[in-house]
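Contents: one structure, followed by commentary.
Numbering (the numbering used here), first residue to last: 320 to 709.
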């Protein structure tokens, strides 16, 4: 007996078979809630069946994680987490996603769209989660606290990095020299030493730097900005590190000591130069007169004798000098500043050389007094002996 089945019915059967297969896959992961339709309400076409199920299904529960859904679309997205199926693919970069929401977020990378704007500072973000984290900067909220030292952070990632201070973990290792770092960003900066990359360039003189911070400090040479000021003497500096070293002049701290002669010095670089006194090394040699120098600054000052260059000019009288220190001393003539004060008589001086010359007066006078005292004692002894024998 031949049975003739209409093509239309075959297509319906095929469609229902596919739907049934999809339904079986869903049933592996979900329990469906009550459905308010009866057999008489079930239509033969799968399209109406799916529409009716969408209207009447109350919830879906994931058997693996117990998560519940009240919409037909959500469980299908959730199933892809278990199956690993990624149906949404970016045509621009080929990256795939298992949820349409994540795909839409990714597309903002290409479009540059940033729909979430901070109401306080106007900064925009591609994702709402990023805005939420950013808002903690304004509210001061720190949700993540270090269990060892109590320091708090707005982002969990920052806490993870901080914890490495306590654990000593350095997971990022340089493949060329083996040096390790606690953050990937530090490794990237370190790699510039090996590859010679200097991405930050001065627009005024063309000098390049590996770090943006170094470029910012360099720019102060051109602008004349000196934001770090000594509270004791008022002298200003381009870098905070230079101010810290300068403060040792006031505190008397000299942390670097020569192992050969015991002399202590303020700077490490000064100790390195000092060691050349013992070794006799003079690495800076003048090619015009074969004069050699321990310090580079002395060599540069010497070269100006040959070139006649006087780069340091007084802003008040226009007089020029070969050395910066000479200009500083000269400016005191205009300001009346006398920073060198004698502790014995209170007299002050503009130049250190004059101050040293003055101190010899006290030194010579003290020596003279000591000599006179010794002579007086000798004379007294002579007179005493003379009286004894008279």
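Where is the CB? At the ideal position from N, CA and C, for every residue including glycine.
With distances taken between CB atoms, is the gap from residue i to residue j smaller than 8 Å?
| i | j | result |
| --- | --- | --- |
| residue 433 | residue 425 | no |
| residue 575 | residue 584 | yes |
| residue 605 | residue 593 | no |
| residue 526 | residue 537 | yes |
| residue 669 | residue 651 | yes |
| residue 508 | residue 486 | no |
| residue 478 | residue 491 | no |
| residue 437 | residue 450 | yes |
| residue 661 | residue 678 | yes |
| residue 493 | residue 510 | yes |
Going straight from the alpha carbon of residue i to that of residue j, what length do you get?
| i | j | result |
| --- | --- | --- |
| residue 522 | residue 534 | 10 Å |
| residue 505 | residue 473 | 21 Å |
| residue 516 | residue 484 | 28 Å |
| residue 632 | residue 640 | 6 Å |
| residue 617 | residue 611 | 9 Å |
| residue 601 | residue 619 | 14 Å |
| residue 560 | residue 587 | 13 Å |
| residue 623 | residue 458 | 58 Å |
| residue 417 | residue 406 | 6 Å |
| residue 667 | residue 475 | 59 Å |
| residue 411 | residue 428 | 10 Å |
| residue 581 | residue 595 | 15 Å |
| residue 566 | residue 430 | 52 Å |
| residue 654 | residue 444 | 54 Å |
| residue 644 | residue 531 | 30 Å |
| residue 599 | residue 590 | 14 Å |
| residue 609 | residue 621 | 11 Å |
| residue 500 | residue 519 | 22 Å |
| residue 682 | residue 551 | 29 Å |
| residue 569 | residue 442 | 45 Å |
| residue 497 | residue 564 | 32 Å |
| residue 646 | residue 638 | 9 Å |
| residue 502 | residue 543 | 34 Å |
| residue 553 | residue 613 | 31 Å |
Enumerate in chain order the residues of its own chain whose CB-to-CB distance from residue i is below 6 Å, with the five nearest sequence positions on each side excluded.
| i | result |
| --- | --- |
| residue 408 | 415 |
| residue 597 | 579 |
| residue 572 | none |
| residue 625 | 607 |
| residue 548 | 555 |
| residue 615 | 603 |
| residue 419 | 407 |
| residue 657 | 667, 668 and 669 |
| residue 648 | 670 |
| residue 422 | 407 and 416 |
| residue 489 | 499, 500 and 501 |
In chain order, what residues of the same chain have a beta carbon less than 8 Å from the beta carbon of residue i, not counting five sequence neighbours either side?
| i | result |
| --- | --- |
| residue 545 | 539, 555, 556 and 557 |
| residue 481 | 465, 470 and 472 |
| residue 673 | 659 |
| residue 461 | 455, 471, 472 and 473 |
| residue 512 | 529 |
| residue 452 | 473 and 474 |
| residue 676 | none |
| residue 392 | With a pLDDT of only 49 at residue 392, under 50, the local geometry of the prediction cannot be trusted, and the value read off the model is given with reservation. Here the set comprises nothing. |
State the start and end residues of the unbroken alpha helix (DSSP H) segment that holds residue i.
| i | result |
| --- | --- |
| residue 649 | 643–654 |
| residue 532 | 531–542 |
| residue 587 | 587–598 |
| residue 477 | 475–486 |
| residue 442 | Taken as a continuous stretch (DSSP letters only), residue 442 belongs to no alpha helix (DSSP H), as it is neither H nor E. |
| residue 615 | 615–626 |
| residue 423 | 419–430 |
| residue 506 | 503–514 |
Which residues does DSSP pair with residue i in a beta bridge?
| i | result |
| --- | --- |
| residue 659 | 668 |
| residue 450 | Partner(s): none; residue 450 has no beta bridge. |
| residue 640 | 631 |
| residue 548 | 555 |
| residue 464 | 471 |
| residue 584 | 575 |
| residue 520 | 527 |
| residue 612 | 603 |
| residue 492 | 499 |
Tell me which same chain residues have a C-beta within less than 7 Å of the C-beta of residue i, skipping the five on either side of it?
| i | result |
| --- | --- |
| residue 447 | 435 |
| residue 467 | 485 |
| residue 630 | none |
| residue 634 | none |
| residue 282 | Residue 282 lies beyond the stretch modelled for the chain, which goes from 320 to 709, so this question has no answer here. |
Taking Cβ positions only, does residue i come closer than 8 Å to chain B?
| i | result |
| --- | --- |
| residue 539 | Of the protein chains in this structure there is only one, and it is not chain B. |
I'd like to confirm something about residue i: is its beta-carbon nearer than 7 Å to some heavy atom of the ligand NAP, or not?
| i | result |
| --- | --- |
| residue 467 | Within the structure as shown, the ligand NAP is missing, as the structure has no ligands at all. |
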